[in-house]
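Novice: Just so you know, the sequences run in chain order Z and D. Just so it is clear: in the first sequence, position 166 is 166 by the working numbering, and no numbers are missing. Just so it is clear: in the second sequence, position 36 is 1036 by the working numbering, and no numbers are missing. One structure, as structure tokens, below. Some questions next.
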Amino acid sequence: MAEITLIEGVTMALARAMEEDASVIILGEDVGVNGGVFRATAGLQARFGDERVLDTPLAEVMIAGMSVGLAAQGMKPVAEAQFCGFTMPMVDQIMCHAGRMRNRTRGRLSCPMVLRFPSGGGIHAPEHHSESPEALFAHMPGIRVVIPSSPSRAYGLLLAAIRDPDPVVFMEPKRIYRWQREEVEDDGEELPLDVCFTLRDGSDLTLVTWGAMIKETLEAADALEKEGVSTEVIDVATVSPLDMETIIESVSRTGRCVIVQEAPRHCGLASEIAAGLADAGIWSLLAPVKRVCGYDTVMPLYRNELKYMPSVRRILDAASQVLEVS
Amino acid sequence: MARTVAAFKVDYFQFLDPDGKLIDEHKAPPLAKDFSRLTELYRRMVLTRVFDKKAVALQRTGKLGTYASCLGHEAAHVAIGSAMQPQDCFAPMYREYGVQFCRGVKMTDVLLYWGGDERGSDYAGAPHDFAWSVPIATQCLHAAGAALAYKLRGEKRVAVSVVGDGGSSKGDFLEAINAGSAWKLPLVLVIVNNQWAISVPRSKQNSAATLAQKGIAGGLPSIQVDGNDLIASLWAMEKAIAAAREGHGSFVIELMTYRISDHTTADDARRYRPNDEVEDAWRKEPIARLRSYLTDQGAWDEEREQALLEECARKVQKAADDYLDTVTNDPQPVTAMFDYMFAELPHDLVEQRACAERFPEDGGHH
């Protein structure tokens, strides 16, 4: 069994899905010969041919709109947007068509497409390459939004997303594309969508996060454990629909919760989770729920980007505030 | 020193003049003498117009929501619809009923949709066609995607989409042209140029001499056709669709017509356009033109006209009755908004669906 990185998990899942289903095709800018700017599709065109791995003209609306058309007519397109910032022109097609196709035709047509793209900051990229727009897509009815945070979850969740009969936005945390290596068997086994993954059990505090912030959150959990704080860590993974049940169950045992989110705070997913706790978890809470988020500013250019994103120290600061309350 | 590296022209096709006379007997296609087909298409055009008038009347009497009329587009629409084969795919904007009736969409479907009932987009008669697309020009890319699917699977099917003169200004349309050109897709993009994008005239979209030339800029054979001339419109559509089916790539056809109606029933075109322009459009409209031609050729007469109008009125009344019966006696339950969101309802929607079921009468209905 090979030790692979998160992005290699993506590539392995793409190859597996193409192998098992002839209707799966990949389209995007530079995905063919070049194998994608992060190499997520490396080698796939050579292996599956240029009719299944298509380099598109430089037109994001085309990629999204044609994926809708392909999906409605029996194909399973896996479209790549090169960077998160370039998904904005696609929003019209995703929100107004992909998410509505099944409903408005009463199931006559459906839209089993995946839009995958690298998301988030921290790699010293230029402007518009570093945003975390998960809340934007999570607000769209009819769209699943999935964010893996490890090589095995990248493989298993992407396979599930491609096999899913409805549209999935699959956001890849590019900062941790090559952070960890993990043994992942290419066995075609998918992981479940719509559920959180509990990465570490604990009894004093629940840390909830997703995507690349898993790195800082696990580091914070390590530091807390050293201080004797038993810390549970939850990777939300599917951010829409949201598995509040797992989070509420955890908080029912710990009574304390900090949510860590790279995206701006206002109307973000952390707020939705906090609202869910206020609704169905409030009688378990021993302390206020804290959100540690990116600021409600434009993502700064790279010299300041790490100061924008939640740090281990900011997470620990929030944790100490909720642990202080007795 | 400069040299010409590319040169272009846009041809305009018209066989039947506004008075219904063949412009040149010898240059007209054989279709011009196929009276059994022409009378059949004429009947479809008339049915479309009678339906349209009824739909507007239903809206005016509070029995239908906002409705987008197709008055004046009948030749263009029937030409597109009857040039297509059943296995082809249509991606409409929102007023191409004449195309859709040819495809098997029912008049009750159209009324249900504009009557606020999703079942109107569940076309039993055209199961793989796309539903109406309200965000302008977005449907052009769905057709391009469909065309790519057919091409990849080696199916001899053509995708056809319609956009307006306003929609031709949108990126989606231009990106669909690029897609058709890049992959040589079996795709026909039709600009139904009716001169008005709500209140904005064609002249304000851009200063290009034609809209068809946008296709040429993207590398597609593109022509302009008198869209009120059924013979020219059908001839052009059939030629383009046949060529696309045989692997010759994509085409752009600009059908010149006129939106005689308001944009929708929520619009009042008298606010922004001169009446003499509309009167002039009535003189060029497609149905009288074809009737005049067929009558001159001895293929039509007043008796048949009256019988047709009565038949159309009967069919349309039946569709209206069926529509009203459905929304009155078989309304969509409150849960209908949930049941097709996903193949399998996620847990959060299960909970919200249960909530909606607890308050089934809240909000009432119109």
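Ideal Cβ positions, reconstructed from N, Cα and C, are used throughout, including at glycine. Please read these numbers as outputs of a predicted model, since none were measured by experiment.
Which residues in the same chain have their Cβ closer than 7 angstroms to the Cβ of residue 239(Z), if we skip the five residues on either side of it in sequence?
Specialist: Mapped onto the first sequence, residue 239(Z) falls at position 239. Within the same chain, residue 239(Z) has close Cβ partners 134, 138, 145, 147, 210, 269.
Novice: Where residue 1013(D) and residue 115(Z) are concerned, what is the direct C-alpha to C-alpha distance, given to the nearest angstrom?
Specialist: In the second sequence, counting from the first residue as 1, residue 1013(D) sits at position 13. In the first sequence, counting from the first residue as 1, residue 115(Z) sits at position 115. Distance between the alpha carbons of residue 1013(D) and residue 115(Z): 42 angstroms.
Novice: Does the beta-carbon distance from residue 1170(D) to residue 1223(D) come in below 7 angstroms?
Specialist: As a first step, residue 1170(D) is located in the second sequence; it is residue number 170 there, counting from the start. As a first step, residue 1223(D) is located in the second sequence; it is residue number 223 there, counting from the start. No, the pair does not count as a contact, with Cβ atoms beyond the cut-off.
Novice: Considering only their Cβ atoms, is the gap separating residue 53(Z) from residue 26(Z) smaller than 7 angstroms?
Specialist: Stepping through the first sequence from its first residue, residue 26(Z) is reached at position 26. Stepping through the first sequence from its first residue, residue 53(Z) is reached at position 53. Yes; because the gap between Cβ atoms is below 7 angstroms, this pair is in contact.
Novice: Would you verify that the beta carbon of residue 1341(D) is, or is not, closer than 7 angstroms to some beta carbon of chain Z?
Specialist: In the second sequence, residue 1341(D) corresponds to position 341, counting from 1. Answer yes: the Cβ-Cβ gap between residue 1341(D) and chain Z drops below 7 angstroms somewhere.
Novice: Which residue's Cα is closest to the Cα of residue 1084(D): 1215(D), 1187(D), 1015(D), 1310(D)?
Specialist: Position 84 of the second sequence holds residue 1084(D). The candidate whose alpha carbon is nearest that of residue 1084(D) is 1187(D).
Novice: Which residues in chain D have a C-beta closer than 7 angstroms to the C-beta of residue 104(Z)? List them in chain order.
Specialist: Reading the first sequence from its first residue, position 104 is the one you call residue 104(Z). By Cβ distance, chain D contributes 1118, 1121, 1131.
Novice: Going straight from the alpha carbon of residue 125(Z) to that of residue 1233(D), what length do you get?
Specialist: In the first sequence, residue 125(Z) corresponds to position 125, counting from 1. In the second sequence, residue 1233(D) corresponds to position 233, counting from 1. Cα to Cα, the separation comes out at about 52 angstroms.
Novice: So for residue 1314(D), helix, strand or coil by DSSP?
Specialist: In the second sequence, the residue the question calls residue 1314(D) occupies position 314. Correct three-state label for residue 1314(D): helix.
Novice: For the pair the region 1095-1105 of chain D and the region 1306-1313 of chain D, tell me if three or more CB-CB distances fall below 8 angstroms.
Specialist: no
Novice: Taking buried to mean at least 16 other C-beta atoms within 10 Å of its own C-beta, is residue 1153(D) buried or exposed?
Specialist: In the second sequence, counting from the first residue as 1, residue 1153(D) sits at position 153. So residue 1153(D) ends up on the exposed side.
Novice: Quick one: does residue 163(Z) have its CB under 7 angstroms from some CB of chain D?
Specialist: As a first step, residue 163(Z) is located in the first sequence; it is residue number 163 there, counting from the start. With 7 angstroms as the cut-off, residue 163(Z) does not count as an interface residue toward chain D.
Novice: With distance defined between alpha-carbon atoms, name the residue in 321(Z), 312(Z), 326(Z), 275(Z) nearest to residue 286(Z).
Specialist: Walking along the first sequence from the start, residue 286(Z) turns up at place 286. Residue 326(Z) is the option with its Cα nearest to residue 286(Z).
Novice: Which residues in the same chain have their Cβ closer than 7 angstroms to the Cβ of residue 1175(D), if we skip the five residues on either side of it in sequence?
Specialist: As a first step, residue 1175(D) must be located in the second sequence, where it is residue number 175. Residues 1141 of the same chain have their beta carbon placed closer than 7 angstroms to that of residue 1175(D), with the five preceding and five following residues left out of the count.
Novice: Check whether the Cβ of residue 45(Z) lies closer than 7 angstroms to any Cβ atom in chain D.
Specialist: As a first step, residue 45(Z) is located in the first sequence; it is residue number 45 there, counting from the start. Output row for residue 45(Z): interface = no.
Novice: With distances taken from CA atoms, which of 1144(D), 1330(D), 1308(D), 1210(D) is nearest residue 1249(D)?
Specialist: Translated into positions along the second sequence, residue 1249(D) becomes position 249. Residue 1144(D) is the option with its Cα nearest to residue 1249(D).
Novice: Please specify which runs of the beta strand (DSSP E), each continuous and at least 3 residues long, are wholly inside the region 1208-1288 of chain D, giving them in chain order.
Specialist: Here the runs fully enclosed are 1222-1226, 1251-1256.
Novice: In terms of residue numbering, what span does the alpha helix (DSSP H) encompassing residue 171(Z) cover?
Specialist: Counting from 1 along the first sequence, the entry for residue 171(Z) is found at position 171. Not the alpha helix (DSSP H): residue 171(Z) falls in the beta strand (DSSP E), residues 168-173.
Novice: The beta strand (DSSP E) spanning residue 1146(D) covers which residue range?
Specialist: One-based indexing of the second sequence puts residue 1146(D) at position 146. Element bounds for residue 1146(D): not the beta strand (DSSP E) but the alpha helix (DSSP H), 1138-1152.
Novice: Shortest alpha-carbon distance to residue 1221(D) belongs to which of 1336(D), 1244(D), 1109(D), 1158(D)?
Specialist: Taking the second sequence and counting its residues from 1, one reaches residue 1221(D) at position 221. Considering only alpha carbons, the answer is 1244(D).
Novice: Whole angstroms are fine: how far does the CA of residue 241(Z) sit from the CA of residue 1348(D)?
Specialist: Numbered from its first residue, the second sequence carries residue 1348(D) at position 348. Numbered from its first residue, the first sequence carries residue 241(Z) at position 241. Rounded to the nearest angstrom, the two C-alpha atoms are 7 angstroms apart.
Novice: Report the residues of the region 1083-1096 of chain D with a CB closer than 9 angstroms to any CB of chain Z, ordered along the chain.
Specialist: Residues 1089, 1091.
Novice: Give the secondary structure of residue 1359(D) by DSSP, where H, G and I count as helix, E and B as strand, and everything else as coil.
Specialist: Sequence index remark: in the second sequence, residue 1359(D) carries index 359 (1-based). If DSSP states are grouped into helix, strand and coil, residue 1359(D) belongs with coil.
Novice: When DSSP labels each residue in this structure, what does residue 76(Z) get in the three-state scheme?
Specialist: Here residue 76(Z) refers to the residue found at position 76 of the first sequence. Reduced to three states, the DSSP call for residue 76(Z) is strand.
Novice: Assuming residue 1041(D) and residue 1078(D) form a contact by the criterion Cβ under 8 angstroms, report the distance between their Cβ atoms to the nearest whole angstrom.
Specialist: Within the second sequence, numbered from 1, the residue matching residue 1041(D) stands at position 41. Within the second sequence, numbered from 1, the residue matching residue 1078(D) stands at position 78. Rounded, the Cβ-Cβ distance is 5 angstroms, consistent with contact.
Novice: Below 7 angstroms on C-beta distance, what does residue 141(Z) contact in chain D?
Specialist: As a working note, residue 141(Z) is residue 141 in the first sequence. Near residue 141(Z) (Cβ distances below 7 angstroms), the residues of chain D are 1341.
Novice: Roughly how many angstroms lie between the CA atoms of residue 187(Z) and residue 10(Z), to the nearest whole one?
Specialist: For this step, residue 187(Z) is matched to residue 187 along the first sequence. For this step, residue 10(Z) is matched to residue 10 along the first sequence. When rounded, the distance between both Cα atoms is 14 angstroms.
Novice: The alpha helix (DSSP H) spanning residue 26(Z) covers which residue range?
Specialist: Within the first sequence, residue 26(Z) is the residue found at index 26, counting from 1. Looking at the DSSP string, residue 26(Z) is not in any alpha helix (DSSP H); the run it does join, the beta strand (DSSP E), is 24-28.
Novice: Since residue 1023(D) is in the beta strand (DSSP E), which residue starts that stretch and which ends it?
Specialist: As a first step, residue 1023(D) is located in the second sequence; it is residue number 23 there, counting from the start. Run containing residue 1023(D): none; DSSP gives neither H nor E here.
Novice: Could one say the Cβ of residue 1180(D) lies closer than 7 angstroms to chain Z's Cβ atoms, at least one of them?
Specialist: If you number the second sequence from 1, residue 1180(D) lands on position 180. No, no contact with chain Z.
Novice: For residue 412(Z), which option in 1075(D), 1168(D), 1183(D), 1087(D) has the closest C-alpha, if you only look at C-alpha atoms?
Specialist: No statement about residue 412(Z) is possible, as the shown extent of chain Z runs from 1 to 326 and does not include it.
Novice: Closer than 9 angstroms, Cβ to Cβ, to anything on chain A: give me those residues from the region 1202-1221 of chain D, in chain order.
Specialist: Here chain A cannot be found, since the structure's protein chains are Z and D.
Novice: Shortest alpha-carbon distance to residue 1195(D) belongs to which of 1273(D), 1361(D), 1074(D)?
Specialist: Along the second sequence, one-based indexing puts residue 1195(D) at 195. If we check each option's Cα against that of residue 1195(D), 1273(D) comes out closest.
Novice: Can you tell me the Cα-Cα spacing of residue 1287(D) and residue 78(Z), whole angstroms?
Specialist: Sequence index remark: in the second sequence, residue 1287(D) carries index 287 (1-based). Sequence index remark: in the first sequence, residue 78(Z) carries index 78 (1-based). The straight-line gap separating the alpha-carbon atoms of residue 1287(D) and residue 78(Z) is approximately 46 angstroms.
Novice: Considering residue 117(Z), what are the terminal residues of the beta strand (DSSP E) in which it resides?
Specialist: Mapped onto the first sequence, residue 117(Z) falls at position 117. Residue 117(Z) -> beta strand (DSSP E) spans 114-119.
Novice: Tell me the DSSP secondary structure of residue 1017(D) in three-state form.
Specialist: Sequence index remark: in the second sequence, residue 1017(D) carries index 17 (1-based). Here residue 1017(D) sits in coil by DSSP.
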